[in-house]
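Each residue of the sequence shown is one higher than the last, beginning at 249 in this note's numbering.
We put the CB at the ideal spot given by N, CA and C, even for glycine.
Bear in mind the structure is a predicted one, so any value in this text is a computation, not a measurement.
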Amino acid sequence: MSPVQLDRHKDELILHTDGVICDTHREILESEVFERLLALYIETLRRKDSPISDSLPILLGGPEEQARFLELLRSLTVNPLEQALKITPIFEDGPDQRKALHQFVEGLYDFWRKFHRFVICHSESGPNAHDRRPFRTFNATVEQLTHLVRGVYRDVCENITGDHPRIYRQIRSGCNMGIIAVAKHWNPPKPYGEPLRDIPFIRQVLVYPPLILDPPMNTRTGQFKKVVENPLEGIVWEKEKWLCYPAQVGPLVIFIYFHQCFISLGSCLANLFELATDEQIAAGPDAIYAYGAPPEAMAKYGELPTVFYEDSRNDLLVAAIPGEDRFGYFGYLKKMILTLHNIRMMQRGRMPFHGAMTRISLKRNMAANIVLMGDTATGKSETLEAFRTLGAEYIREMRIIADDMGSFETTPDGKVLAYGTEIGAFVRLDDLQQGYAFDQIDRAIIMSPQKVNARVVLPVTSLAEVLHGYLVNYIFYANNYEEVDEEHHIIDRFETPEAALRVFREGAAMAKGTTTSKGLVHSYFANIFGPPQYRDLHDRLAQSTFEVAFQAGVFVGQIRTRLGVPGCETTGPLEAARALLGLMSEPGQR
């Protein structure tokens, strides 16, 4: 095999290649990559004092013995064990040795597959670049590697056992993800040109879902701080260790640079944000985010160095988070991106909202555009998904416009339009309707399924829907903590903008373990991602937006999902969905 480089970071293996992968099984075993993998596995067996070495003592030998063992494995790609041992006579062919050798090969195959494996196909820009023929590039690299690894494993095992399997399992034997990374021209402002100009842009991504990851962390803590100095200044960049995911975030383009220590999380952006076009890259970004910055360069920002900076001279927002395990959670990646989006939207006169929006079309020509605002894990997505299940016989179509974050725009003729940000959803696996994640598993990236706050990243909508701008009919605050009784209905309508703004400003929610917060918490507009840092600006936008909404006859209220009430995690969103369906069916409420 001819990769430029093999990098390892804990449980991740990253193959860098110019697009050339070996052609034969023997070439696989003659590669430097395989030699490194073999040495890693033998060292693992030694640390565990594996009983395999009792029958294969050569594994305990030095470099010369390991080289002879490697030659035996190479010979086994084309020869049965009896013949291979005549060529490389390193032990007697007995039943114990044959069994131990077979166990060793099975273990080596499992050892390789337990890593999260990535192929990065590097290319210069031009008419013959990999991004001009991505299907062919992925076939020649990722697909080729899959067939070769699976083939060499089966050939070697059959030559050891002298038998064929009765059951064949076509598992992912090559890599989990493939990336085409190409150098693209853009004209960065002076402070950013030298460190960032040579970092390649991701142009295409190949995913083999379901992809199951277990990042170092499964919760996020604290807020993102605005700082008075550029966090990217003074950083020493190892350019070969970085990639840029140029994301379309609503109407914005954000260049997301991530260090390969976070390659699993960075690659998952493919299920959340559409990649920017070459023309958008050339035009430059609205914001720049470095995820995985050197910790020593970020230490000056205190215990929680999750920071952003407003570069007014270059009309850019800039953010950075250190490359430490404690920030190895997808929420740090996604929420900082959305913070930058929210700030930019406020500066352009739109009010950002933390919530979900969907366009629901019912039979008999009834339709409505609904925004559910609220904190993380307040039942927004869960209620809409329950609505989809509950109203299946009444629904013509449900289109997701925003899953987590969006923005309101007021028009000169007194209407409120809403826009989304992401084409995907990052949702709690625990709170989805039973079986839903399995229905979507062929597109899913699942994170920490064995832990509290297990998450799934799914594509759910298109960029065209995100950018369309839909007229708003309903705005609800998702209340997940109050019980329903005679005075507190599932759905209550606010009478005035002031009454609505009081509830939305208070931002009360029962924490569900998605962050380190516990109990009943309060956050300004249930949105700590930009509005608190620009509170005066946001207050003005919120006041004008809600006034226009009330004047336009938008239904503004709160919906009690009870997702944070023990015992109501499933029934709460279901009953909220039932009430919403009833409200939509009432005359004059569409």
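Q | Opening and closing residue of the beta strand (DSSP E) in which Val455 lies | A | 449-455
Q) Three-state secondary structure (DSSP) at Cys270? A) In the three-state scheme derived from DSSP, where H, G and I count as helix and E and B as strand, Cys270 is classed as coil.
**Q.** Neighbour flag for Pro542 against chain D, beta carbons, 8 Å
**A.** No chain D appears in the structure shown, which is made up of a single protein chain.
Q. By Cβ distance, which residues of its chain are closer than 6 Å to Gln253, with the 5 residues on each side in sequence left out?
A. His264
Q | Ile671 versus Leu321 - alpha carbon distance | A | Answer to the nearest angstrom: the Cα atoms are 46 Å apart.
(Q) At the level of alpha carbons, what is the spacing between Asn775 and Pro443? (A) 33 Å
Q: Return yes when the Cβ of Ala827 is within less than 8 Å of the Cβ of Ile693, no when it is not.
A: no
(Q) Assuming contact is defined by CB atoms lying nearer than 8 Å, are Tyr549 and Ile585 in contact in what I supplied? (A) no
Q | contact_flag[the segment 329-342, the segment 364-378] where n(CB pairs < 8 Å) is 3 or more | A | no
Q. Would you say Ile511 and Pro533 are within 8 Å of each other, going by their C-beta atoms?
A. Taking 8 Å as the Cβ cut-off, Ile511 and Pro533 do not qualify as a contacting pair.
Q.
According to DSSP, simplified to helix, strand and coil, what is Thr265?
A. strand
**Q.** When Ser301, Pro779, Ala757 are compared against His770, the one with the closest alpha-carbon
**A.** Ala757
Q | Contact under 8 Å by Cβ, Phe724 with Val813 | A | No. Outside cutoff.
Q: Mind listing, in chain order, the continuous alpha helix (DSSP H) runs of no fewer than 4 residues lying wholly within the segment 755-806?
A: 783-799
Q: Provide the residue(s) that pair with Pro600 in DSSP beta bridges, ordered along the chain.
A: Ser655
Q: Could you please give me the residues that DSSP links to Ser609 through a beta bridge?
A: In DSSP, Ser609 forms a bridge with Ala615, Glu645.
(Q) So for His378, helix, strand or coil by DSSP? (A) helix
Q: Verify whether the separation of the beta carbon atoms of Leu304 and Leu349 is less than 8 Å.
A: yes
Q. Shortest alpha-carbon distance to Phe386 belongs to which of Ala429, Ile415, Phe794?
A. Ala429
Q) With respect to the beta strand (DSSP E) encompassing Phe366, which residues constitute its N-terminal and C-terminal limits? A) 364-371
Q | Closest residue to Leu461 among Gly603, Asn590, Lys362, Leu711 (Cα-Cα distance) | A | Lys362
(Q) Tell me the DSSP secondary structure of Met249 in three-state form. (A) Summary for Met249: the model assigns pLDDT 38, below 50, so the residue's position carries little reliability; its value from the coordinates is reported in the next sentence. Met249 falls in the coil class under three-state DSSP.
Q | Distance between Gly482 and Ala535 (C-alpha atoms, nearest Å) | A | 18 Å
(Q) Just to confirm my understanding: we take Arg838, look at its own chain, exclude 5 residues before and 5 after, and list those with CB closer than 6 Å. What are they? (A) In this predicted model, Arg838 has a pLDDT of only 49, less than 50, meaning its place in the structure is not dependable; the value taken from the coordinates is given anyway. Here the set comprises Met614, Ala616.
Q) If you drop the 5 nearest sequence neighbours on each side, which residues of the same chain put their C-beta closer than 6 Å to that of Ser655? A) Met593, Arg598, Pro600, Tyr667
**Q.** Residue range of the alpha helix (DSSP H) that includes His395
**A.** 392-409
Q: Between the Cα of Asn424 and those of Asp411, Leu286, Pro458, Val497, spot the shortest distance and give me the residue it belongs to.
A: Pro458
Q) By how many angstroms is the C-alpha of Cys492 removed from the C-alpha of Thr440? A) Just to set this straight, residue 440 is Tyr in the shown sequence, not Thr. Distance between the alpha carbons of Tyr440 and Cys492: 14 Å.
Q) To which residues of the same chain is Phe317 closer than 6 Å at the C-beta, ignoring the five residues directly before and after it? A) Ile306
Q: Locate the beta strand (DSSP E) running through Met695, then write down its first and last residues.
A: 693-695
Q. Are Gly627 and Leu665 closer than 8 Å when you measure CB to CB?
A. no
Q.
Going by DSSP in three states, Asp344 sits in which element: helix, strand or coil?
A. helix
Q | Local Cβ density within 10 Å of Asp623, reported as buried at 16 or more and exposed below that | A | In summary, Asp623 is buried, with 16 or more beta-carbon neighbours lying within 10 Å of its beta-carbon over all protein chains present.
Q: Assuming His364 contacts Glu260 (C-beta within less than 8 Å), just tell me the rounded distance between them.
A: 5 Å
Q | According to DSSP, residues forming a beta bridge with Lys257 | A | In the sequence as displayed, the identity of residue 257 is His instead of Lys. His257 is bridged to Glu260.
Q: Just list the beta strand (DSSP E) runs in the segment 474-510, keeping only unbroken ones of 3 residues or longer that don't cross its boundaries, in chain order.
A: 490-497, 500-507
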